[in-house]
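See structure below.
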Amino acid sequence: MGILPIIKYRNFVVLAATVTISIGCMVIIGWIFDSRVLKSLHPSLVSMKFNSALCFVLLGLSLLLYNNSINRSVFLPKLLAIIVSVFGFSSLLQLSGYEILVDELFIDDIAASSRQEQHPGRIPYITSICFMFGGIAMLFIGSAKKPLIIVTQYLLHSITLISFIALLGYIFNAPALYSYTFPNSMALHSAVIFILFSTGASLANPHQGVTALFTGKLIGNIMARKLFIGILPAVLIICYIRMLFHRNNILSIEVGMVLLSIAFLLISLISVWVTAQALNKIAEKEKLFEDNIRMGIDAAPYALILSDNESKIIHVNFQAERMFKYCREELMGLDCKIILPEEIMTHLNELRKEFYRSPRVITYKLEDNMHCHRKDGSRFPAEIVISPVITSQGPFALTSVIDLTARVENERLAQIQLEELQHKNQEMEQFNYIASHDLQEPLRTVANYIMLLQEDYPDNITPEINGHLVVMDQAVSRMSKLIRNLLDFGRLGRNKKLVFTDCDTVVKEVTADLNNLISYTSASIILNDELPKLYAYDTELRQLFQNLINNAIKFRKEGTEPRIQIGCRAIEGFYEIYVSDNGIGIDEKHFDTIFHIFQRLNHDDEYEGYGVGLANCKKIAEMHGGKIWVESEYGKGSTFKFTLIHFKL
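Under the working numbering, the residue at position 304 of the sequence shown is numbered 388, and the numbers go up by one with no gaps.
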């Protein structure tokens with residue numbers, strides 16, 4: 085695991101890098117302007133060498149650049165790490181007597197003598213080792229190879245330990261701890277920066293090395309954090325007090341050791357007690373969580389079975405008891421195959437290792453034809469979902485079962501009803517055709533006899549009788565047309581076929597068919613938008629446009645040239661098309677009735693028609709998964725709108 089995915093600790097990593105760079109720059113400024121305070125914090129303390137400050141700046145920059153190198157080259161951070169490693173190794177060689185002159189690269193000894201500084205660039209032994217370790221660690225900190233990451237972590241841990249010992253030397257005023265018996269010593273602020281830097285850098289890979297002990301989320305990690313945070317400062321304070329007592333001869337060594345032992349015991353007891361309380365709270369939360377899970381399982385509206393990795397039943401809910409006719413105690417510890425389909429158990433046994441290693445949900449639906457077993461031996465179709473559940477007690481499988489008996493029966497009844505409905509529709513179509521044919525025959529007979537009377541007995545037919553015959557002939561003709569329209573309405577969509585249709589082309593062809601009527605009325609048809617190309621029932625769609633355009637021309641205002649506008653817009657899987665006119669308009673109370681068959685708003689002597697056209701339009705729109713409606717104001721024209729679903733084949 086590299087540095088980049090660890091978002092949680094990134095702020096601390098940035099802080100560590102920033103502080104390292106800042107203090108390094110501060111010391112460099114101190115050397116440039118000969119400020120003793122910036123170099124050593126106090127005249128009595130060891131100063132940080134110029135080369136040490138420079139290496140800290142390079143290490144901080146390397147860590148900061150690694151932290152921000154998402155999807156970018158890490159060449160520069162690695163280069164800086166190599167420079168630091170070379171500085172550390174060269175300083176060790178210089179201290180061992182080799183004349184490499186790395187000490188005088190930036191500040192020479194002659195110039196420094198006037199400042200009363202001995203070897204201003206010479207890095208101490210132990211500091212050189214830490215820089216060498218730090219440079220190597222930064223070189224491999226972003227590696228994807230686990231062995232290199234582990235080596236990196238332990239190099240950083242070594243720096244932390246060495247610098248912490250040096251820091252304790254300053255706290256307890258024990259020079260041997262920060263000089264490590266070498267002639268030169270690690271500076272106080274060097275020790276502090278090394279601790280901060282190594283801790284921050286180790287958080288780049290928080291799940292490796294000693295760092296993993298304090299960053300994990302398990303109970304052991306929580307206990308380690310609490311014990312460490314509680315014991316470390318307490319031990320340091322007690323040891324410091326013990327040292328003061330010893331130096332001032334307040335207590336004898338024997339009494340001091342006894343008191344120190346008692347203090348350690350009390351600190352350990354308090355730390356263990358605090359940690360135990362925290363762990364008990366965690367355990368209570370886990371128990372509460374498990375109880376809530378069990379309550380959730382019991383309250384589920386479908387059967388749930390919890391089983392272990394050997395398919396032994398651990399828990400079932402109330403719905404499972406009802407579904408399988410077992411009581412809960414009977415199922416505990418039994419193999420799942422007693423109630424679940426054998427095919428599923430065989431499949432799950434084959435996938436067991438993969439199922440728990442790479443958790444995934446397995447679903448069996450109605451079409452998989454799975455049947456569960458009840459206690460009485462009966463079987464029922466079921467939908468089954470098996471989900472892996474990883475717990476502290478091991479991997480479990482949570483199986484949900486839905487009884488599909490009612491659904492299968494409903495689908496069977498729906499299929500029977502559909503078949504019956506199709507049969508009745510066929511009978512209705514046949515009846516419609518036969519009835520229409522049989523009704524046409526007597527009408528033709530009546531019409532023929534009217535014609536014979538007019539032709540054979542012209543002298544016997546008075547004008548009054550002739551008028552009656554004409555009215556009878558018109559009524560017969562009207563009745564014949566109504567029957568034909570009714571037959572056409574019944575046949576509408578009977579042989580429908582979806583084809584890819586260009587609505588622009590359809591409108592142009594309909595306009596061409598109505599050319600005589602358009603020319604006679606001086607009508608104008610305007611396309612405001614490009615009409616869609618979609619799968620549609622071409623013949624029926626053509627009839628829909630023809631009826632609407634024909635009506636727009638027919639119901640025109642007297643003395644006004646018809647102006648018809650056609651447009652379209654796409655809405656959530658549908659196309660909404662409108663046909664707008666400047667005709668006589670429609671009263672709002674008739675918006676619904678005009679789409680009913682044989683419903684007319686005007687007298688025959690005003691506008692010819694039989695009240696079938698808009699009923700056909702409604703049926704055609706519904707065939708395309710849409711609907712049709714009108715927006716109008718009487719005397720101000722009408723806009724008919726209809727929607728067509730965007731069929732995908």
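Think of the CB as a built atom: it goes at the ideal place given N, C-alpha and C, for glycine as much as any other residue.
Contact between residue 275 and residue 391 does not hold, since the beta-carbon distance rounds to 57 angstroms and is not under 8 angstroms. The secondary-structure analysis by DSSP pairs residue 308 with nothing; it has no beta-bridge partner.
For residue 230, the three-state secondary structure derived from DSSP is helix. In this chain, the beta strand (DSSP E) harbouring residue 617 covers 617-621. Per DSSP, residue 170 is one residue of the alpha helix (DSSP H) stretching across 159-179. Of all alpha-carbon atoms in 663, 385, 307 and 603, the one lying nearest the alpha-carbon of residue 365 is that of 307.
Spatial neighbours of residue 606 in its own chain (CB-CB distance under 7 angstroms, excluding positions within 5 residues in sequence) are listed in chain order as 645. With respect to the C-alpha of residue 444, the residue from 452, 454 and 432 having the closest C-alpha is 432.
Under the three-state reduction of DSSP output, residue 658 falls in the strand class.
Membership of residue 457 in the beta strand (DSSP E) is indicated by the continuous run 455-457. Within the segment 620-647, not a single complete beta strand (DSSP E) segment reaches 3 residues in length. Residue pairing of residue 651 in beta bridges, as defined by DSSP: 662. In the three-state scheme derived from DSSP, where H, G and I count as helix and E and B as strand, residue 725 is classed as strand.
Taking 8 angstroms as the cut-off, the beta carbon of residue 716 is found closer than this to the beta carbon of residue 669.
DSSP places residue 463 within a strand segment (E or B) once states are collapsed to three. When the five nearest sequence neighbours on each side are left out, the beta carbons in the same chain lying within less than 6 angstroms of the beta carbon of residue 484 are those of 386, 388 and 469, in order along the chain. Residue 289 and residue 487 have their C-alpha atoms spaced approximately 49 angstroms apart. Scanning the segment 260-329 for uninterrupted alpha helix (DSSP H) segments of 4 residues or longer gives 272-286 and 295-299, listed from N- to C-terminal end. As DSSP reads the structure, residue 468 sits in a beta bridge with 448 and 485. For residue 715, the pairing in a beta bridge is given by DSSP as 723. Taking C-beta atoms as the reference points, residue 228 and residue 240 fail to come closer than 8 angstroms. Looking at the backbone, the Cα of residue 298 and that of residue 352 are separated by about 18 angstroms. 171 is the residue among 342, 622 and 171 whose C-alpha sits nearest the C-alpha of residue 141. By the criterion of at least three beta-carbon pairs nearer than 8 angstroms, the segment 278-288 is in contact with the segment 95-104. Between residue 624 and residue 535, the gap from beta carbon to beta carbon reaches 8 angstroms or more.
In the three-state scheme derived from DSSP, where H, G and I count as helix and E and B as strand, residue 390 is classed as strand. Annotation: the continuous alpha helix (DSSP H) that includes residue 146 extends over 134-151.
In the structure shown, the three-state DSSP call for residue 589 is helix. Boundaries of the alpha helix (DSSP H) around residue 122: 120-124. The residues 306 and 310, in chain order, have a CB closer than 7 angstroms to that of residue 362 in the same chain once the five nearest residues on each side in sequence are set aside.
Residue 238 and residue 216 have their C-alpha atoms roughly 13 angstroms apart.
In the three-state scheme derived from DSSP, where H, G and I count as helix and E and B as strand, residue 708 is classed as coil.
Note on geometry: alpha-carbon atoms of residue 450 and residue 147 lie some 57 angstroms from one another. In the three-state DSSP reduction, residue 355 falls in the helix class (H, G or I). For residue 210, the uninterrupted alpha helix (DSSP H) run begins and ends at 209-224, by DSSP.
Excluding five sequence positions before and after residue 268, the CB atoms of its chain that fall closer than 6 angstroms to its own CB belong to 208, given in chain order.
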